[in-house]
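In the numbering used here, the protein residues as written are 52 to 535. Below: the structure, in structure tokens.
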């Protein structure tokens, strides 16, 4: 082979080697292409049961216990679940920009990445098994990006380093206290089925039979309560915001040196059924902050709420001031009994109301039925006259002049109406409750006692789906016939 050919082959081999080295160095490998597509970090967040964080000299340990995240180090308390979930969501969302290697840096270039002494270090564990070891270093020259290194079981390349886009540093450069749950009591309002408010003067107890059932006042008397009132009470309780942790130890159980503390006991439906106890010190007038001792957290906190004083409600503050709460859509029958007229019977069939007259059912005035429901549901109680039904005579309820019964969702309810001896004051009582209310006489015309007033007003009544022919005739012109 002549020297010229040898030289040419040598140059070609050198060029090919340079291309191969360039491809390996500057173009992403198959592994890197896969990482670019899915991101450098992937794991099943549902497996994580513990998180170890080292950040700026502060060490934080988080653990999942009984379905709740807790801070275990540097203190033992409930963790902010939203912050934990945000952390677990942010790690897999790390954006791949470039993979880097230590041998690519000159001089002290690698030290400037801070990956040997990371600013933030995270370990994720499933029980005792490590899922991920992640170190976040310095800000990279690429805008909005940081150096980070990843070690995961099962990776064939050991610890890998990257330039990546992530908001983890902003999330991690917080104090350990920021990981504490700032809500004193984190519950879904729908799960609370019992609420007790105890003071030296007595106890208020509210309860409901299930998540979707209406609330009722159980102690110190049995009465209906306003849904808006209970919703407001729960909103205040479940949104008490922790503003600080006090060094004072919790007071011994039952101790109330100021005589003005409020003990709140909230019970939830299962599973699991839980009971939470909180003791609040009565705040000053118009104050939005007070001291709280929370049994399930073991700390003394300062808490705030703009509606704090609502927790010190009296029984009458919580009672429903509307005479009735009837869901007309679920009512299937109405009966009206009076001393002056025969009983009025109404029933709903196929979505329409019918009136019983002369032992037959005929269409009723549906608009009057709707006005009847509206009148009862919007009538304000003038006064809670009595909380006992032991003596109904003064109110004329021993022999009511008017009784209304209705069937709602399969259950029967009733309202009794009476008046005093002079006929100047009118009273009402729910059949299954002891409370007696004073009402306005203006309500009574909305409950006609004569069945003729419930009769349908339409001259022709038929279903549009039953209509098959319409004939229009005017004068001597031939009629127009429309057939379906």
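Each residue gets a CB set at the ideal place from its N, CA and C atoms; glycine is no exception.
To the nearest angstrom, report how far apart residue i and residue j are at their CA atoms.
i, j, result
"residue 451", "residue 428", "21 Å"
"residue 382", "residue 498", "16 Å"
"residue 401", "residue 414", "12 Å"
"residue 409", "residue 503", "11 Å"
"residue 439", "residue 487", "7 Å"
"residue 259", "residue 465", "20 Å"
"residue 317", "residue 231", "21 Å"
"residue 508", "residue 480", "32 Å"
"residue 369", "residue 97", "42 Å"
"residue 240", "residue 289", "8 Å"
"residue 250", "residue 344", "15 Å"
"residue 78", "residue 63", "Caution is warranted here: a pLDDT of 49 is assigned to residue 78, below 50, making its placement in the model unreliable, and no coordinate value can be reported."
"residue 215", "residue 114", "27 Å"
"residue 162", "residue 168", "8 Å"
"residue 294", "residue 362", "18 Å"
"residue 423", "residue 461", "20 Å"
"residue 501", "residue 335", "57 Å"
"residue 391", "residue 454", "12 Å"
"residue 340", "residue 353", "7 Å"
"residue 99", "residue 111", "16 Å"
"residue 158", "residue 145", "28 Å"
"residue 328", "residue 263", "23 Å"
"residue 526", "residue 535", "24 Å"
"residue 226", "residue 109", "7 Å"
"residue 494", "residue 270", "30 Å"
"residue 278", "residue 196", "51 Å"
"residue 221", "residue 432", "55 Å"
"residue 396", "residue 385", "6 Å"
"residue 177", "residue 116", "12 Å"
"residue 324", "residue 245", "11 Å"
"residue 417", "residue 448", "30 Å"
Nearest by alpha-carbon distance to residue i: which of the options is it?
i, options, result
"residue 371", "417, 378 and 430", "430"
"residue 229", "134, 218 and 437", "134"
"residue 188", "201, 100, 116 and 437", "201"
"residue 199", "174, 164, 121 and 180", "164"
"residue 506", "100, 406 and 276", "406"
"residue 403", "178, 389, 420 and 395", "420"
"residue 211", "154, 471 and 111", "154"
"residue 469", "492, 459, 433 and 247", "492"
"residue 174", "441, 373 and 106", "106"
"residue 355", "56, 347 and 292", "292"
"residue 148", "393, 436 and 192", "192"
"residue 121", "94, 237 and 160", "237"
If contacts are defined as beta-carbon pairs under 8 Å, then residue i and residue j qualify, I think. What distance do you get, rounded to the angstrom?
i, j, result
"residue 287", "residue 183", "With a Cβ gap of about 40 Å, residue 287 and residue 183 do not count as contacting."
"residue 314", "residue 332", "Incorrect: roughly 11 Å between the Cβ atoms, too far for contact."
"residue 296", "residue 257", "Their Cβ separation, rounded to whole angstroms, is 30 Å, which puts residue 296 and residue 257 out of contact at 8 Å."
"residue 319", "residue 242", "4 Å"
"residue 489", "residue 425", "Contact flag wrong, Cβ pair sits at about 21 Å."
"residue 366", "residue 285", "So it is not a contact: roughly 17 Å between Cβ atoms."
"residue 523", "residue 530", "6 Å"
"residue 131", "residue 233", "6 Å"
Is residue i near the ligand FMN, with its Cβ less than 7 Å from a heavy atom?
i, result
"residue 169", "This structure simply doesn't include the ligand FMN, nor any ligand for that matter."
Would you mind sorting residue i into buried or exposed? The rule is 16 or more other CB atoms within 10 Å of its CB.
i, result
"residue 151", "buried"
"residue 521", "exposed"
"residue 171", "buried"
"residue 309", "Note that residue 309 scores a pLDDT of 49, beneath 50, so its modelled location is shaky; the value from the coordinates is reported in the next line. Exposed, since its Cβ has fewer than 16 Cβ neighbours within 10 Å."
"residue 376", "exposed"
"residue 275", "buried"
"residue 351", "buried"
"residue 305", "Below a pLDDT of 50, predicted positions are generally treated as unreliable, and residue 305, at 44, falls in that range; the measurement from the model is reported next regardless. That one is exposed."
"residue 518", "exposed"
"residue 217", "buried"
"residue 128", "buried"
"residue 119", "exposed"
"residue 203", "buried"
"residue 101", "buried"
"residue 477", "buried"
"residue 532", "exposed"
"residue 261", "exposed"
"residue 136", "exposed"
"residue 472", "exposed"
So who's on the other strand from residue i, going by DSSP bridges?
i, result
"residue 478", "469 and 489"
"residue 407", "412"
"residue 237", "Residue 237 is not bridged to any residue."
"residue 212", "151 and 200"
"residue 172", "105 and 186"
"residue 195", "Beta-bridge pairing links residue 195 to no other residue."
"residue 464", "457"
"residue 270", "256"
"residue 230", "Paired residue(s): none; residue 230 is not in a bridge."
"residue 342", "353"
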